[in-house]
Amino acid sequence: MLHIRAYRPQQDFRALLDAQCDLYEINFPRFVCTPVFLADQAQRLRVAGRRPMENGIFILDDDGVVAGFVWVAIRMDLQGAYGSIDQVYLKPAYRRQGYGAWLMQAAEEFIKKQGLKTARLYVTRDNSDAVRLYQRMGYEVMRYEMERSLD
Ligand SMILES: CC(C)(COP(=O)(O)OP(=O)(O)OC[C@H]1O[C@@H](n2cnc3c(N)ncnc32)[C@H](O)[C@@H]1OP(=O)(O)O)[C@@H](O)C(=O)NCCC(=O)NCCS
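Residue numbering for the sequence shown follows my numbering, beginning at 2 and increasing consecutively.
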């Protein structure tokens, strides 16, 4: 049965690492997944697994198989502490069925349990499935990151 549970590093590490190339390729058109990138992500994930108060990682579990996950990190900026929803990922077969919202709710509960009132995230404008999910959940645009091609 599908359910959300906490990340278990020994059991889930490989599945989360395996999703990294897909996650970045979807969101960054010029991104190339290299062994160096994967080594960096593996290191970030190992550190996060050792710091569960600062990193909420939740798994969508389908009878023992990792169907998706969300990774939220507690961060600080000039406006104070907030929860940064850094990664939300569903394997392709699990998309567009409402599970993205399950993962987002798990992330938001974690942020609230840490005593914080703000959830923040970055999303690529053209990733319309993700943008729609966030808008449906009440996320609003607070800043723009702008670029122009100088070709
Ligand atoms: C981003 C991502 C997590 C969104 O997940 P999702 O499954 O599309 O989002 P939801 O779980 O909210 O599903 C909502 C869609 O499923 C549809 N749906 C179908 N059955 C549903 C059900 N039982 N309950 C709710 N929604 C259902 C909804 O109508 C909605 O479609 P719409 O957006 O056209 O209105 C997913 O697309 C993904 O993993 N993408 C790749 C990784 C990625 O880019 N992550 C974001 C990085 S910022």
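From the three backbone atoms N, C-alpha and C, an ideal C-beta is built for every residue, glycine too. Predicted, not measured: the structure shown is a model, and the values here were computed from it.
For this session: Assuming residue 108 contacts residue 86 (C-beta within less than 8 Å), just tell me the rounded distance between them.
Result: 5 Å
For this session: With a threshold of 16 other CB atoms inside 10 Å of the CB of residue 62, please say whether the residue is buried or exposed.
Result: buried
Exercise. Short check: CB of residue 145 to CB of residue 117, under 8 Å?
Worked result: no
Exercise. Going by alpha carbons, who is nearest to residue 47 out of 15, 4, 125?
Worked result: 15
Exercise. What is the rounded straight-line gap between the Cα of residue 106 and the Cα of residue 69?
Worked result: 14 Å
Problem set entry | residue 50 versus residue 59 - alpha carbon distance | 11 Å
For this session: Output the boundary residues of the beta strand (DSSP E) element that contains residue 73.
Result: 66-78
Problem set entry | Runs of alpha helix (DSSP H) lying entirely within the region 67-144, each at least 4 residues, in chain order | 100-114, 129-137
For this session: Identify which residue in 93, 21, 7 has its Cα closest to the Cα of residue 53.
Result: 7
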